[in-house]
Amino acid sequence: MIGLSQSDTEVTHDSLKVQELDEVMVTATRTVRQLSSLPLPAQIIGKKEIQRINSQRLDDLLNEQTGLITVSEFVGGAGIQMQGLDSQYTLILIDGVPLIGRSAGTLDISRISVGNIKQIEIVKGASSSLYGSEALGGVINIITDRPKDAGFKSNIRYRYGTFNTHDANINLNYKKEGLSINTFINRNSSDGYQFANAANLNTVDPYSNYTFNTKVDYAINAKTNLLASARYYLQDQEYAPTEDEAGEITINEWNTQFKLDHEYNDRWSSYFEFYATRYKADEFLNTLEDNTFFSNSDYNELLIRPEIRASFAPNENHSFFGGLGMDHETLNRTDFSTNPRFNSPFVYLQYEGSPLDKLNVILGARFDGHSDYDSQFSPKAALRYELNDKIDLKGSVGYGFKAPDFRQLYFDFTNGFVGYTILGYNAVNTKIPELDQDGQISTIVVPISEYNGALRPENSVAYNFGTTFKPFSRLKFEVNLFRNDIQDLIDTRLIANKTNGQGIFSFYNVNKAYTQGLEFNTSWKLNNEFSISGGYQLLFAKDKDAQNAFKDGEVFARLSPSSPSFQLTEDDYFGLFNRSRHMANLKIFYSIEKWNLDTNLRGTYRSKYGLFDTNGNSYLDNFDEFVNPYSIWDWAINKTFWAKYQVGFGIDNIFDFTDAPESETDLLFVGNIPGRIIYTKLNIQL
Amino acid sequence: MKTLKLFSLIAILIGMTSCSNDDDPVQLLEVESVTVSNLFAPQIGGVDQMGNPSPISGEFTKFDFSTGQVTTSATEWDIAFRATSIIINGGVSLGSTDEPERTGDVAAYIASGTFASIADVESSQLGQDSGNGYVLSDWYTYTGPPTFLITPTPGKIIVIRTRDGKYAKVEILSYYKDAPEDPDAFMDEERYYTFNYVYQPNDGQTSFE
Chain A
23 MIGLSQSDTE VTHDSLKVQE LDEVMVTATR TVRQLSSLPL PAQIIGKKEI
73 QRINSQRLDD LLNEQTGLIT VSEFVGGAGI QMQGLDSQYT LILIDGVPLI
123 GRSAGTLDIS RISVGNIKQI EIVKGASSSL YGSEALGGVI NIITDRPKDA
173 GFKSNIRYRY GTFNTHDANI NLNYKKEGLS INTFINRNSS DGYQFANAAN
223 LNTVDPYSNY TFNTKVDYAI NAKTNLLASA RYYLQDQEYA PTEDEAGEIT
273 INEWNTQFKL DHEYNDRWSS YFEFYATRYK ADEFLNTLED NTFFSNSDYN
323 ELLIRPEIRA SFAPNENHSF FGGLGMDHET LNRTDFSTNP RFNSPFVYLQ
373 YEGSPLDKLN VILGARFDGH SDYDSQFSPK AALRYELNDK IDLKGSVGYG
423 FKAPDFRQLY FDFTNGFVGY TILGYNAVNT KIPELDQDGQ ISTIVVPISE
473 YNGALRPENS VAYNFGTTFK PFSRLKFEVN LFRNDIQDLI DTRLIANKTN
523 GQGIFSFYNV NKAYTQGLEF NTSWKLNNEF SISGGYQLLF AKDKDAQNAF
573 KDGEVFARLS PSSPSFQLTE DDYFGLFNRS RHMANLKIFY SIEKWNLDTN
623 LRGTYRSKYG LFDTNGNSYL DNFDEFVNPY SIWDWAINKT FWAKYQVGFG
673 IDNIFDFTDA PESETDLLFV GNIPGRIIYT KLNIQL
Chain B
8 MKTLKLFSLI AILIGMTSCS NDDDPVQLLE VESVTVSNLF APQIGGVDQM
58 GNPSPISGEF TKFDFSTGQV TTSATEWDIA FRATSIIING GVSLGSTDEP
108 ERTGDVAAYI ASGTFASIAD VESSQLGQDS GNGYVLSDWY TYTGPPTFLI
158 TPTPGKIIVI RTRDGKYAKV EILSYYKDAP EDPDAFMDEE RYYTFNYVYQ
208 PNDGQTSFE
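In order, the protein sequence lines correspond to chains A and B. Numbering of the first sequence is given in the numbering used here, commencing with residue 23 and proceeding in unit increments. Numbering of the second sequence is given in the numbering used here, commencing with residue 8 and proceeding in unit increments.
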């Protein structure tokens with residue numbers, strides 16, 4: 023895909039230049055910064071860890087990180103939950119540019135292979151001051167690898183495991199003087215799995231996919247660098263939502279990025295970037311009985327983004343970074359009232375500096391203009407103060423937003439099984455009169471004049487306060503307290519009744535919610551061979567209106583259909599669906615250098631969570647049924663022979679945890695954990 | 008699950024004991040507490056699996072509180088059911104096919120509370136079916152995917168003034184046949200109402216105690 027690991031070119035600031043050995047990231051500031059110097063909660067997952075745990079896809083890798091969990095949605099694949107915020111509020115970038123294809127809000131991160139990744143950078147807390155929409159909960163930036171050594175190098179990696187899962191990778195690298203070329207090919211396929219009693223929707227149908235990625239990086243001269251990158255992804259997956267229909271889902275995605283960097287002098291640099299990406303998903307279903315057409319659904323999204331960036335460093339203590347660009351987006355989709363086209367210009371500016379010796383500051387703001395919803399101004403401020411060599415304090419406040427998605431604006435969908443209709447906000451004004459003329463409307467509940475304005479983006483103010491304590495260089499403790507105050511959450515409401523007895527629903531800004539909690543991380547590197555790390559997240563994620571409804575005694579529950587209802591109190595409100603109050607992880611890495619052997623054991627824990635209301639009051643309360651807590655343990659071992667050959671073996675989910683449905687009516691189960699996975703891996707370096 | 012069953016058993020016991028009343032002055036009739044099971048409220052038409060709506064029709068299933076029975080009378084009814092639609096014998100017809108004429112002056116509202124906590128009628132809240140919709144439309148929650156259930160919303164108690172000026176309160180318990188413990192929208196037969204009601208047979212008495 024895209025990009026260039028900007029780390030190599032966007033160095034603008036002498037005092038911030040660091041050795042390659044130190045962990046550096048570009049995501050937090052869009053300039054190269056040493057991870058430990060950042061005033062924001064941030065984290066890096068390196069290539070070494072990715073290789074040692076024999077990870078294949080991004081979802082299984084992120085699942086092991088503190089406070090992150092992949093949550094499978096009923097539609098839309100596996101998304102990532104960060105600081106208790108849903109996956110549609112985390113921006114996913116590859117080499118600094120965004121992935122698209124959120125047909126139902128979730129970006130399915132299992133489509134991202136980790137076979138050519140240098141590192142994954144995670145920034146928590148609202149980051150719209152740099153990245154605009156979607157960076158409400160945080161940003162995950164996948165930095166792809168680039169050739170390091172001159173000459174031609176290649177690498178072949180193959181992994182085979184349970185469920186007939188194949189993962190084959192080829193990396194071809196060439197580097198000579200200013201030119202470097204990397205080509206990456208991945209094929210991933212699996213027979214999938216199915217739980218005996220599960221509705222077919224919730225388990226994984228057989229699939230195969232390919233990823234192709236080529237990057238060319240050319241230094242025209244010492245001050246000018248050109249990058250061209252292209253990525254293509256293709257997936258075919260069987261599709262069987264019920265026992266009576268069968269079909270196929272085909273995903274086609276491409277991304278291209280061109281970037282020209284130029285350094286004018288010690289103070290000024292500029293970057294021209296052009297990015298284009300298309301995501302296409304086509305699905306069809308036939309009725310099995312007579313093999314006739316049942317339904318189809320197409321999704322075709324395009325994003326084109328030209329952007330100019332510049333950096334200016336008047337002296338070594340202060341630097342400025344700014345950008346100007348335009349997003350052009352189009353979408354063609356089944357069940358839409360129109361084929362929307364958006365043009366949204368944006369501009370941002372950021373200051374980084376050290377006004378005092380031990381104080382580091384980031385101030386930034388971004389403006390996103392838009393034709394179809396309110397324009398957004400997103401400021402952010404972050405401070406880090408070094409108390410002494412061992413302790414630092416950091417805090418940040420930032421604004422984040424997520425633009426209304428195409429669905430919320432333009433949906434025009436009638437449910438095939440029940441008959442209700444969902445209209446996007448901007449479709450209400452035209453569709454309601456049409457339906458009325460058709461005689462399909464019995465009563466109007468919300469006057470359509472309320473839909474003359476614009477839907478506001480969901481937005482949040484994020485607060486993060488943390489400290490790092492390093493009593494010795496090999497031992498580290500980190501604590502971060504977070505709170506995200508979210509408002510204008512978009513929900514659906516009944517706007518009219520149809521003559522068929524069902525409702526017409528549309529979107530509106532209503533809910534206020536918050537997520538708050540604490541994240542704790544510790545790592546201890548005993549020596550070069552042995553290290554241990556652990557993490558914990560405490561989370562409270564609640565809808566404020568729901569909390570008030572409980573407080574005011576407006577919420578009732580019943581224990582079974584034949585029992586009367588009783589009143590609930592504020593303490594009975596558990597919070598938002600699919601959130602666990604406690605999540606924890608533990609990782610032990612051990613390498614025996616004289617044997618060229620390394621091994622590791624990793625565990626994750628998730629406390630109970632609710633998937634949906636089970637007692638009819640539409641809220642998740644303590645009298646609902648929950649998914650039980652669980653923990654998963656993974657083990658891997660790798661040995662290198664003759665420097666070039668590496669053989670690996672591992673077991674994911676050693677204790678074979680599954681929570682399969684007990685009966686066809688049991689819908690509270692863990693759909694994305696298929697049980698024990700045993701695999702072997704072969705890696706050849708040429 | 009075991010604790011849930013235990014809870015429900017306790018709740019049922021509480022429910023049973025709390026409904027029995029005594030101590031009424033001799034001249035008054037006793038307030039009745041009754042459970043109606045599997046009142047069938049079918050409907051013709053609706054939306055088929057392809058999403059094509061077809062006209063809805065079918066007789067409403069009418070209920071008379073004074074007899075405590077389902078009735079087919081054109082006039083002697085208080086409340087009537089067709090799928091999720093509940094109408095009362097008072098106000099104006101919405102004009103849907105087969106919707107009966109309102110011949111009475113029945114009025115109703117949905118109160119918020121536990122069944123036992125609704126001790127008295129708030130006369131000011133009484134309303135009737137009108138062009139804006141049925142006064143008793145908001146009695147259930149549609150769960151949507153993945154369960155697609157129609158669940159009577161807990162805490163919604165129907166309070167009704169019958170056509171002969173008596174009062175009743177109703178708590179709908181289930182929309183599925185035999186009020187199953189874990190209803191399944193795909194397996195269980197729908198449009199079977201199970202509800203509890205308390206009927207105050209004494210003229211003008213607005214208290215349910």
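Where a beta carbon is used, it is the ideal one built from N, C-alpha and C, also for glycine. Remember, it's a predicted structure, so these values are computed and weren't measured experimentally.
Burial state of residue i, where buried means 16 or more other Cβ atoms lie within 10 Å
i	result
residue 10 of chain A	Only positions 23 to 708 of chain A appear in the structure, and residue 10 of chain A is not among them; the question remains open.
residue 700 of chain A	exposed
residue 129 of chain A	buried
residue 124 of chain A	buried
residue 502 of chain A	buried
residue 141 of chain A	buried
residue 706 of chain A	exposed
residue 172 of chain B	exposed
residue 702 of chain A	exposed
residue 170 of chain A	exposed
residue 208 of chain A	buried
Check whether residue i and residue j have beta carbons under 9 Å apart
i	j	result
residue 482 of chain A	residue 154 of chain A	no
residue 386 of chain A	residue 442 of chain A	no
residue 305 of chain A	residue 271 of chain A	yes
residue 63 of chain A	residue 418 of chain A	yes
residue 564 of chain A	residue 530 of chain A	no
residue 195 of chain A	residue 179 of chain A	no
residue 504 of chain A	residue 539 of chain A	yes
residue 600 of chain A	residue 633 of chain A	yes
residue 167 of chain A	residue 187 of chain A	no
residue 184 of chain B	residue 195 of chain B	yes
residue 491 of chain A	residue 380 of chain A	no
residue 543 of chain A	residue 88 of chain A	yes
residue 691 of chain A	residue 654 of chain A	no
residue 164 of chain B	residue 85 of chain B	no
residue 479 of chain A	residue 423 of chain A	yes
Option nearest residue i by Cα separation, candidates the options
i	options	result
residue 508 of chain A	A:602, A:111, A:51, A:65	A:111
residue 138 of chain B	B:118, B:102, B:173, B:123	B:102
residue 594 of chain A	A:278, A:642, A:357, A:135	A:642
residue 466 of chain A	A:423, A:519, A:394	A:519
residue 460 of chain A	B:210, B:169, B:112, B:62	B:62
residue 652 of chain A	A:606, A:645, A:498, A:622	A:606
residue 339 of chain A	A:364, A:373, A:329, A:331	A:373
residue 552 of chain A	A:616, A:622, A:596, A:579	A:622
residue 60 of chain A	A:243, A:126, A:70, A:47	A:47
residue 51 of chain A	A:310, A:655, A:477, A:151	A:151
residue 317 of chain A	A:307, A:326, A:625, A:311	A:307
residue 668 of chain A	A:246, A:165, A:177, A:610	A:177
residue 658 of chain A	A:80, A:66, A:115, A:181	A:181
residue 242 of chain A	A:661, A:430, A:283, A:415	A:283
residue 203 of chain B	B:209, B:212, B:182	B:182
Reduced DSSP category for residue i - H, G, I as helix; E, B as strand; rest coil
i	result
residue 274 of chain A	strand
residue 35 of chain B	coil
residue 591 of chain A	coil
residue 550 of chain A	coil
residue 131 of chain A	helix
residue 131 of chain B	helix
residue 226 of chain A	strand
residue 415 of chain A	strand
residue 84 of chain B	coil
residue 534 of chain A	strand
Heavy atom of the ligand GTP within 8 Å of residue i beta-carbon
i	result
residue 137 of chain A	Judged by which ligands are present, the structure shown has none, so any question about the ligand GTP falls away.
Under 8 Å by beta carbon: chain E residues contacting residue i
i	result
residue 110 of chain A	Among the protein chains of the structure shown, namely A and B, there is no chain E.
Hey, which unbroken runs of the beta strand (DSSP E) at 3 residues or more fall wholly within the stretch 306-366 of chain A?
-> 314-337, 340-355
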